[in-house]
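Colleague:
Chains as they are written, first to last, in the working numbering: chain A, 880 to 1194; chain B, 880 to 1194.
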């Protein structure tokens, strides 16, 4: 595993770099990719982002300026915020086994690249990338703005338990470059579409409580998404909703990706390790936030998750 | 107006200090009072907080350990986060005209004390107090925990537009003392009662949109409060909900106080001055947040507010 200095030195020695983001891209992977691209270009290098079909209205503006043109021939391949090759977007499948440097912050990181660097204690991959980019040169506003998106979105605007003193220190340094972080906060944390509001209301109305109210099970069926004409962006981070309910320490959100295939997000308190539960079903993540995909009828999905939680809670 | 150094020097020269908080106390005033008390005690001084009858379940634990016992005879009186003597709690009325040092961060601060220090650019009074306490001695965890409450609550956990690099730098320094800031975040920013969630869902479900979606009108009828057995605490700050809806720049929340009497909260963007609208109906407030009380049937309340907004928007 690389140190920050060695990762910076590698990047400094490379050129013609293509950067990969993960499937269903969030603010952290998009922000990191854009910031890394800006940082490499500031060093005079050629760098682009491999197109990701899952961008939302909120993330697209940070990605678009750096999207690779057709026919770009890369020499080095770097991934950001990707724990495993299973999380490559479909259009990046040909790159499996070919990544030169993977930069990540997930405890479940699989070190799938030729060179790897991970900081599992970081709230966002953007925190680690900040240190790498700071070792390469000055943090310009072009680097700082997407990095602020990366850091702030992955820690729920500094409210999640993964937030540390380093998270705040990085935010302070980024803001000091003069970026318009206020618009980022308004767009990502203080604006909801009307469809989003209807989605949240439906989830909360149908929420099922178990184990004396400690466990909540919420579903986002395809039929709900379709009836509201909801987009990917509308459904982002719905998994944080259940954990906000007083008394809940295990919030399961099951989203139907296609008929009979459910993407599970699990948010937990100290009592239950979310990764241990999701690993039972081939997933992974962090101690307090993990995920997996289950192909089964909804009743079976519910049964597996509830029994998985029981099993892990029992130690 | 004092500098940070002079305010620190004054406090260092005093003893037997009584600290005042404002009416309807929030996290900033309570957190500042507790932190200042802890800081003064760390210097070997005697210091207490004047009891405030408006504490909530969330703020009480930070205030209670420092509440003044009956008969405490103070030599110096200090107020924190109080812009004007009109905001003294009723039980502090006798102290009007007698405050020795006022520490505040409101642009409308009236410098009502013998000595005054204000930093209008600070998101929280806690940011200014951090600098003062840091000039007095090491920031202990006993000081840092309530200060974190002060800073984080007044900037909406670093999401509001008043958040600056200094806000984050202070948060980083406080967290480094080893405090349990995660519990603060959970209690203040990531916990909603089930009743609160049902209230929000009902408001959003029944929301009425006008003027192409720029104006939203939401109601909290007595019947809704009663059917959910909702408390005052459950209904707190419901008025901030409407302003989060994409495209909305005028959010009206009408809460029925008693049959036929509606308390109106109006939150606005730059297009409409909220105070000008509410003044039409005998109310007042700030440019972006104002209120009034209207005694009329709901249809008439709606009509007046919509026409008031139209009138003020037309200039």
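For every residue, glycine included, the Cβ atom is placed at its ideal position computed from N, Cα and C.
Do residue 1124 (chain B) and residue 1071 (chain A) have their CB atoms nearer than 8 angstroms?
Modeller: yes
Colleague: Name the residue from A:893, A:942, A:881 and A:891 whose alpha carbon lies nearest to the alpha carbon of residue 899 (chain A).
Modeller: A:942
Colleague: Could you compute how far the alpha carbon of residue 1165 (chain A) sits from the alpha carbon of residue 960 (chain B)?
Modeller: 39 angstroms
Colleague: Whole angstroms are fine: how far does the CA of residue 1036 (chain A) sit from the CA of residue 949 (chain A)?
Modeller: 36 angstroms
Colleague: When burial is assigned at 16 or more other CB atoms within 10 Å of the CB, is residue 1064 (chain B) buried or exposed?
Modeller: buried
Colleague: Could you give the uninterrupted runs of the alpha helix (DSSP H) lying entirely in the stretch 993-1080 of chain A, keeping only those of 4 residues or more?
Modeller: Listed in chain order, the complete alpha helix (DSSP H) runs (minimum 4 residues) inside the stretch 993-1080 of chain A are 1004-1015, 1020-1033, 1044-1054 and 1060-1068.
Colleague: So, does the CB of residue 1125 (chain A) fall closer than 8 angstroms to a CB anywhere in chain B?
Modeller: yes
Colleague: Do residue 1162 (chain A) and residue 1169 (chain A) come within 8 angstroms of each other at the CB atom, strictly closer than that value?
Modeller: Yes, they are a contact pair.
Colleague: Taking only beta carbons into account, state which residues of the stretch 1071-1085 of chain B come closer than 7 angstroms to chain A, listed in chain order.
Modeller: 1071, 1072, 1073, 1076, 1080, 1083 and 1084
Colleague: Under three-state DSSP, which class holds residue 1183 (chain B)?
Modeller: It is helical.
Colleague: Starting from residue 967 (chain A), find everything on chain B with Cβ-Cβ shorter than 8 angstroms and list it in chain order.
Modeller: Chain B residues near residue 967 (chain A): none, gap ~32 angstroms exceeds 8 angstroms.
Colleague: Would you tell me roughly how many angstroms separate the C-alpha atoms of residue 1146 (chain A) and residue 1106 (chain A), rounded to the nearest one?
Modeller: Their backbone Cα atoms lie some 27 angstroms apart in a straight line.
Colleague: Does DSSP classify residue 927 (chain A) as helix, strand or coil?
Modeller: strand
Colleague: Does the beta-carbon of residue 904 (chain A) have 16 or more other beta-carbons within 10 angstroms, so that it is buried, or is it exposed?
Modeller: Result: buried.
Colleague: Could you check if residue 1176 (chain A) is buried or exposed, using at least 16 other CB atoms within 10 Å of its CB as the buried criterion?
Modeller: exposed
Colleague: Is the CB-CB distance between residue 1135 (chain B) and residue 1094 (chain B) below 8 angstroms?
Modeller: no
Colleague: I want to verify the contact list: residues of chain A whose CB lies under 7 angstroms from the CB of residue 1114 (chain B), in sequence order.
Modeller: Within chain A, no residue comes near residue 1114 (chain B); the closest Cβ sits about 15 angstroms away, beyond 7 angstroms.
Colleague: Can residue 984 (chain B) and residue 956 (chain B) be called in contact, C-beta distance under 8 angstroms?
Modeller: No, they are not a contact pair.
Colleague: So does the stretch 914-931 of chain B actually touch the stretch 1012-1024 of chain B, counting three or more Cβ pairs closer than 8 angstroms?
Modeller: yes
Colleague: Below 7 angstroms on C-beta distance, what does residue 1044 (chain B) contact in chain A?
Modeller: 1051, 1054 and 1055
Colleague: Determine, using beta carbons only, whether residue 1043 (chain B) and residue 1002 (chain B) come nearer to each other than 8 angstroms.
Modeller: One thing to note: residue 1043 (chain B) has its Cβ within 8 angstroms of the Cβ of residue 1002 (chain B).
Colleague: By the three-class DSSP mapping on this structure, what secondary structure does residue 942 (chain A) have?
Modeller: helix
Colleague: Ignore the nearest five residues each way along the sequence and tell me which others in residue 1066 (chain A)'s own chain have a CB closer than 7 angstroms to its CB.
Modeller: 937
Colleague: In angstroms, rounded to a whole number, what distance separates the CA positions of residue 886 (chain B) and residue 1027 (chain B)?
Modeller: 21 angstroms
Colleague: Kindly indicate which residue of A:893, A:907 and A:932 has the alpha-carbon position closest to the one of residue 979 (chain A).
Modeller: A:893
Colleague: Name, in chain order, the residues that DSSP records as bridge partners for residue 1142 (chain B).
Modeller: For residue 1142 (chain B), the pairing in a beta bridge is given by DSSP as B:1134 and B:1172.
Colleague: Do the CB positions of residue 968 (chain A) and residue 902 (chain A) come within less than 8 angstroms of each other?
Modeller: yes
Colleague: Under a Cβ-count criterion, where at least 16 other Cβ atoms within 10 Å of its own Cβ denotes burial, should residue 931 (chain A) be classed as buried or exposed?
Modeller: buried
Colleague: Mind checking whether residue 1010 (chain A) and residue 907 (chain A) have CB atoms under 8 angstroms apart?
Modeller: With respect to the 8 angstroms criterion, residue 1010 (chain A) and residue 907 (chain A) are not classified as neighbours on the basis of their beta carbons.
Colleague: So residue 1048 (chain B) contacts chain A; which residues on that side make the cut at Cβ distance below 8 angstroms?
Modeller: Simply 1047, 1048 and 1051.
Colleague: Let me check understanding here. Comparing Cα to Cα, which of A:1181, A:1184 and A:1167 lies closest to residue 999 (chain A)?
Modeller: A:1167
Colleague: With the cut-off set at 8 angstroms, would you say residue 1192 (chain B) and residue 1150 (chain B) are in Cβ contact?
Modeller: yes
Colleague: Under the assumption that residue 964 (chain A) contacts residue 991 (chain A) (Cβ atoms under 8 angstroms), give the Cβ distance between them as a whole number of angstroms.
Modeller: 5 angstroms
Colleague: List, in chain order, every chain B residue whose beta-carbon is nearer than 7 angstroms to that of residue 1069 (chain A).
Modeller: The answer, in chain order, is 1038 and 1123.
Colleague: Which residues in chain B have a C-beta closer than 7 angstroms to the C-beta of residue 1061 (chain A)? List them in chain order.
Modeller: Here the neighbours are 1040.
Colleague: Taking a Cβ distance cut-off of 9 angstroms, strictly less, list which residues of the stretch 912-941 of chain A are near chain B, in chain order.
Modeller: none
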